[in-house]
Amino acid sequence: MQNPRQIAFLALREVHRRGAFADSALDRTFRNSQLSDLDRRLVTELVYGSVRRMRAIDFIID
238 MQNPRQIAFL ALREVHRRGA FADSALDRTF RNSQLSDLDR RLVTELVYGS
288 VRRMRAIDFI ID
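Spelled out as structure tokens, the structure:
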């Protein structure tokens with residue numbers, strides 16, 4: 238079984254590096270994984286939440 242946090246990281250990396258839309262990155266990521274429904278919901282919330290708060294995260298890091 239794969240770690241949902243690692244999968245969220247892979248999707249976020251695709252969003253950041255390739256400029257992919259979050260929903261497209263999630264679709265591709267889910268296609269290559271076998272997650273339970275609960276884990277898929279966690280990954281989705283992690284990705285959308287991170288993208289939604291990207292400016293605040295960048296501000297804190299800088």
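In my numbering, the protein residues as written are 238 to 299. We put the CB at the ideal spot given by N, CA and C, even for glycine.
Cβ shell of residue i (< 7 angstroms), same chain only, five flanking positions each side left out
{"i": "residue 266", "result": "244, 247, 248"}
Coarse secondary structure for residue i, derived from DSSP in three states
{"i": "residue 284", "result": "helix"}
{"i": "residue 261", "result": "helix"}
{"i": "residue 299", "result": "coil"}
{"i": "residue 242", "result": "helix"}
Residue i vs residue j beta-carbon contact at 9 angstroms
{"i": "residue 283", "j": "residue 250", "result": "no"}
Beta-carbon proximity list for residue i, same chain, < 8 angstroms, skipping 5 on both sides
{"i": "residue 294", "result": "287"}
Presumed contact (8 angstroms Cβ cut-off) between residue i and residue j, rounded CB distance
{"i": "residue 239", "j": "residue 261", "result": "So it is not a contact: roughly 20 angstroms between Cβ atoms."}
Cβ of residue i within 9 angstroms of any chain C Cβ
{"i": "residue 284", "result": "This model lacks chain C altogether; it includes just one protein chain."}
Nonlocal neighbours in the same chain, by C-beta distance under 6 angstroms from residue i, ignoring five residues either side
{"i": "residue 252", "result": "259, 262"}
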